[in-house]
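Scroll down for the structure; my scribbles are underneath it.
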Amino acid sequence: MAVLAIRTFGDPVLRTEARSVTEVTEVHRRLSKDMLETMREAPGVGLAGTQVGVLERIFTWEVEDAFGTIINPVISKRSRRTFTDEEGCLSLPGLIYPVERHLKVHIEGMDENGDEVKIDAEEHLARVFQHELDHLDGILFIDRLPEELRREARRILADQALGLPVRSSHVRVSIPTEETL
1 MAVLAIRTFG DPVLRTEARS VTEVTEVHRR LSKDMLETMR EAPGVGLAGT QVGVLERIFT
61 WEVEDAFGTI INPVISKRSR RTFTDEEGCL SLPGLIYPVE RHLKVHIEGM DENGDEVKID
121 AEEHLARVFQ HELDHLDGIL FIDRLPEELR REARRILADQ ALGLPVRSSH VRVSIPTEET
181 L
């Protein structure tokens, strides 16, 4: 196994839609192991193929004691109910913002052996699946932010890219609660 380089903001591969895998091969099994190792080393809870420069529809995930690989993932059902929680990304290091996602999803695809995968996920796991599937469609989590927060995130990323000092290496934006409203 090998730790792969994680692509970061500005790399055009992150804005590219990944293509479907037509046949699961030994290459995908090896890639799956390498992606899991890379994700754990980072550390993260999900890693999409595009984040390591692979333009194929594959991602790895690990939440609590469960982990896996999903190839050609499709979310076939989404709850109407949504929830907002903080989200970050290995490709946008240091940024953490509140993102609205569906509370529950049903995802289907294949594992690294080409076997069918069907998972009903909710809350944090549902968030991970939606985030990684966005990556495979060339969408970053900051694209889902309100315009004001998206501008702020882009400014911080531009400052980081230019080597300019940023007030903090981690930007935390609090989610309003009833007490703060």
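The sequence shown finishes on residue 181 if you use this note's numbering, and the numbering steps up by one all the way, no holes. All C-beta atoms in this analysis are idealised placements derived from N, C-alpha and C, irrespective of residue type, glycine included.
Buried/exposed call for residue i, threshold 16 Cβ in 10 Å
| i | result |
| --- | --- |
| His102 | buried |
| Met35 | buried |
| Leu162 | exposed |
| Gly10 | exposed |
| Leu133 | buried |
| Arg172 | Only weak support is given to the placement of Arg172: the predicted model assigns it a pLDDT of 49, under 50, and the value that follows is read from those uncertain coordinates. Arg172 should be labelled exposed. |
| His170 | Since pLDDT at His170 reaches only 42, below the 50 mark, its modelled position is unreliable, and the value read off the structure follows with that caveat. Classification for His170: exposed. |
| Thr201 | The requested residue 201 does not occur in the structure, where the chain is confined to residues 1 to 181. |
| Arg22 | Looking at the sequence provided, one finds Thr at residue 22 rather than Arg. With fewer than 16 other Cβ atoms within 10 Å, it is exposed. |
| Arg151 | exposed |
| Ser32 | buried |
| Arg127 | buried |
| Gln160 | buried |
Range covered by the beta strand (DSSP E) that runs through residue i
| i | result |
| --- | --- |
| Asp85 | 82-87 |
| Ser32 | Note, Ser32: premise wrong, no beta strand (DSSP E); alpha helix (DSSP H) at 26-41. |
| Ala161 | No beta strand (DSSP E) holds Ala161; the alpha helix (DSSP H) holding it covers 147-161. |
| Val63 | 58-63 |
| Leu47 | 46-48 |
| Ser79 | Segment: none, Ser79 is in no beta strand (DSSP E) and carries neither H nor E. |
| Glu108 | 104-110 |
Whole-Å CB distance - residue i paired with residue j, under 8 Å assumed
| i | j | result |
| --- | --- | --- |
| Glu87 | His124 | Not quite, the Cβ-Cβ distance comes to about 10 Å (not below 8 Å), so this is no contact. |
| Ala18 | Thr50 | 5 Å |
| Leu194 | Leu55 | Since the displayed the chain opens at 1 and closes at 181, residue 194 lies outside it and no answer follows. |
| Leu145 | Ala153 | 7 Å |
| Leu157 | Arg57 | No, Leu157 and Arg57 are not in contact; Cβ-Cβ is about 26 Å, not under 8 Å. |
| Ser76 | Glu122 | Not quite, the Cβ-Cβ distance comes to about 15 Å (not below 8 Å), so this is no contact. |
Boundaries (first-last residue) of the alpha helix (DSSP H) holding residue i
| i | result |
| --- | --- |
| Val128 | 123-136 |
| Pro139 | The displayed chain sequence assigns Ile, not Pro, to residue 139. Premise fails: Ile139 is in no alpha helix (DSSP H) and is neither H nor E. |
Check whether residue i and residue j have beta carbons under 7 Å apart
| i | j | result |
| --- | --- | --- |
| Val74 | Glu62 | no |
| Asp120 | His106 | yes |
| Met39 | Ile71 | no |
| Ser79 | Lys118 | no |
| Val13 | Gly53 | yes |
| Met1 | Glu37 | yes |
With a cut-off of 8 Å, do at least 3 Cβ pairs link the segment 107-124 to the segment 20-31? yes
Given 8 Å as the limit, is there contact between the segment 90-108 and the segment 138-147, that is, 3 or more CB pairs closer than that? yes
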